[in-house]
Amino acid sequence: MRAITQRTFGGPEVLVLGSAPVPEPVPTEIRVRVAAAGVNPVDWKTRSGAGMSKVFGPLPFTVGWDVAGTVDAVGPGVTRFAVGDTVFGMPWFPRQAAAYAEFVTAPSRHFAHRPAGLSEVAAAALPLAGLTAWQSLVDIAAVQPGQRVLIHAAAGGVGHLAVQIAKSRGAYVIGTASSGKHDLLHDLGVDEAVDYRREAFERVVDPVDVVYDLIGGDVALRSLDVLRPDGLMICLPSAAAADALAAARERGLRATGMIVEPDGDGLDELARMVDQRNLRVIVAETFPLERASHAHRAGELGRTTGKLVLTP
Numbered sequence: 001m002r003a004i005t006q007r008t009f010g011g012p013e014v015l016v017l018g019s020a021p022v023p024e025p026v027p028t029e030i031r032v033r034v035a036a037a038g039v040n041p042v043d044w045k046t047r048s049g050a051g052m053s054k055v056f057g058p059l060p061f062t063v064g065w066d067v068a069g070t071v072d073a074v075g076p077g078v079t080r081f082a083v084g085d086t087v088f089g090m091p092w093f094p095r096q097a098a099a100y101a102e103f104v105t106a107p108s109r110h111f112a113h114r115p116a117g118l119s120e121v122a123a124a125a126l127p128l129a130g131l132t133a134w135q136s137l138v139d140i141a142a143v144q145p146g147q148r149v150l151i152h153a154a155a156g157g158v159g160h161l162a163v164q165i166a167k168s169r170g171a172y173v174i175g176t177a178s179s180g181k182h183d184l185l186h187d188l189g190v191d192e193a194v195d196y197r198r199e200a201f202e203r204v205v206d207p208v209d210v211v212y213d214l215i216g217g218d219v220a221l222r223s224l225d226v227l228r229p230d231g232l233m234i235c236l237p238s239a240a241a242a243d244a245l246a247a248a249r250e251r252g253l254r255a256t257g258m259i260v261e262p263d264g265d266g267l268d269e270l271a272r273m274v275d276q277r278n279l280r281v282i283v284a285e286t287f288p289l290e291r292a293s294h295a296h297r298a299g300e301l302g303r304t305t306g307k308l309v310l311t312p
């Protein structure tokens, strides 16, 4: 099969198209013929030697976790899927899933049935970002109706999904983004949009129950100024959250990082939201598999609205 591999850490140019044996599923696993693979910031961080590179072990390896496709084979013990089922998932995270390839094998419970209203490309864009938002806002923050939720980078890959998940929980949602993205934010359900380039959000946003910070650094520290005493701030990426977590402790405020986990049940919940038309996935651009390096270059510019996807 065709697969993107890298033999050294570095820039996007280290991603090369090569070949690898087609994997065979072991008991409880399925093999998926990949129709599309999502691209996430953790992909290019891992490619460069950061991210999950230490979890992966020695080079060479293949990055990527987001997968949508068709079940091609099932191992013994699989009852959740049959050959021919269309699925999507985020297998193995943070271990190597090697999603930038034509086939992937993984435990069946790392996947869910793809909803009929979601294309393969959109389905490939959903798992990692969607589960990150779901596990943060539902499992950790337990967002309740009427709560005020501030989401930074609200038009990004995780952010635009987090907006919709928070709204589905009955929250009042405030999102930060450049002014050119405000119409989109309101269309997604944001109640209050703040242009971070023109005004300091901490001066114009009233106290909130939950801060979902997808930027880190100074933004996370300033977010403590708008967090209610009994509120919660969730900081991503976790590697950049240490200073904010320490500052929160000093002020007697609650803050936490998080790392997303494979979650078939969570995927089912996201699929249900899609079926109920409460969740849509924005795909900014697609790239053929052999142009994975171009997708990484585009993503690293930090200007993407929604997600980037590879199509093998």
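The opening position of the sequence shown corresponds to residue 1 in the UniProt record's numbering, with each subsequent residue numbered one higher.
Cβ atoms here follow ideal geometry from the backbone N, Cα and C, with glycine treated the same way.
A quick note: this is a predicted structure, and the numbers were derived from the prediction, not measured.
Measuring CB to CB, does residue i end up less than 7 Å from residue j?
| i | j | result |
| --- | --- | --- |
| A125 | V283 | yes |
| L137 | A177 | no |
| W92 | A73 | no |
| G69 | V34 | yes |
| A101 | W65 | no |
| A241 | G257 | yes |
| L161 | A129 | yes |
| L310 | A298 | no |
| H182 | A193 | yes |
| V22 | M1 | yes |
| V55 | P94 | yes |
| A244 | L221 | yes |
| L17 | E290 | yes |
With DSSP as the reference, please indicate the residues paired to residue i in a beta bridge.
| i | result |
| --- | --- |
| Y212 | I151, I234 |
| K307 | V283 |
| S293 | Its beta-bridge partners do not exist; DSSP assigns none. |
| Q6 | F61 |
| R228 | Answer is none; R228 lacks a bridge partner. |
| G18 | A3 |
| P107 | E29 |
| R254 | L232 |
| A112 | F88 |
| I140 | Per DSSP, none; premise fails for I140. |
| P288 | T311 |
Use the C-beta contact count for residue i: other C-beta atoms within 10 angstroms, 16 or more gives buried, fewer gives exposed.
| i | result |
| --- | --- |
| A3 | buried |
| S19 | exposed |
| Q144 | exposed |
| T5 | buried |
| L59 | exposed |
| G117 | exposed |
| L301 | exposed |
| G252 | exposed |
| F9 | exposed |
| P312 | buried |
| A82 | exposed |
| T79 | exposed |
| K307 | buried |
| residue 320 | Residue numbering for the chain in the displayed model covers 1 to 312; residue 320 lies beyond these limits and cannot be assessed. |
| R7 | exposed |
| R249 | exposed |
| G231 | buried |
| P76 | exposed |
| P229 | exposed |
Just to check my reading of the structure: residue i and residue j have Cβ atoms closer than 8 Å, yes? What is that Cβ distance to the nearest angstrom?
| i | j | result |
| --- | --- | --- |
| A36 | V121 | 5 Å |
| G51 | V42 | 5 Å |
| R198 | S179 | 7 Å |
| I259 | V208 | That belief does not hold up - the Cβ atoms of I259 and V208 are roughly 23 Å apart, past 8 Å. |
| V104 | V32 | 5 Å |
| H296 | W44 | 5 Å |
| V163 | V205 | About 15 Å; that fails the 8 Å criterion. |
| G264 | L131 | About 10 Å; that fails the 8 Å criterion. |
| V71 | R47 | Actually they do not touch by this definition, with Cβ atoms about 28 Å apart. |
| V149 | A99 | In fact, because the Cβ distance is near 30 Å, the residues do not count as touching under 8 Å. |
| H110 | P262 | 4 Å |
| T305 | L184 | 7 Å |
task = Inspect the CB distances between the stretch 266-273 and the stretch 27-36 and report whether three or more fall short of 8 Å.
result = no
task = May I ask you to verify whether the stretch 170-188 touches the stretch 144-153, counting CB pairs closer than 8 Å and requiring at least 3?
result = yes
Any 3 or more C-beta pairs closer than 8 Å across the stretch 84-99 and the stretch 224-231 = no
ask   = Looking at C-beta atoms only, is the number of pairs between the stretch 128-136 and the stretch 283-297 that lie closer than 8 Å three or more?
value = no
query = Are the stretch 206-220 and the stretch 228-238 touching, with three or more C-beta to C-beta distances below 8 Å?
reply = yes
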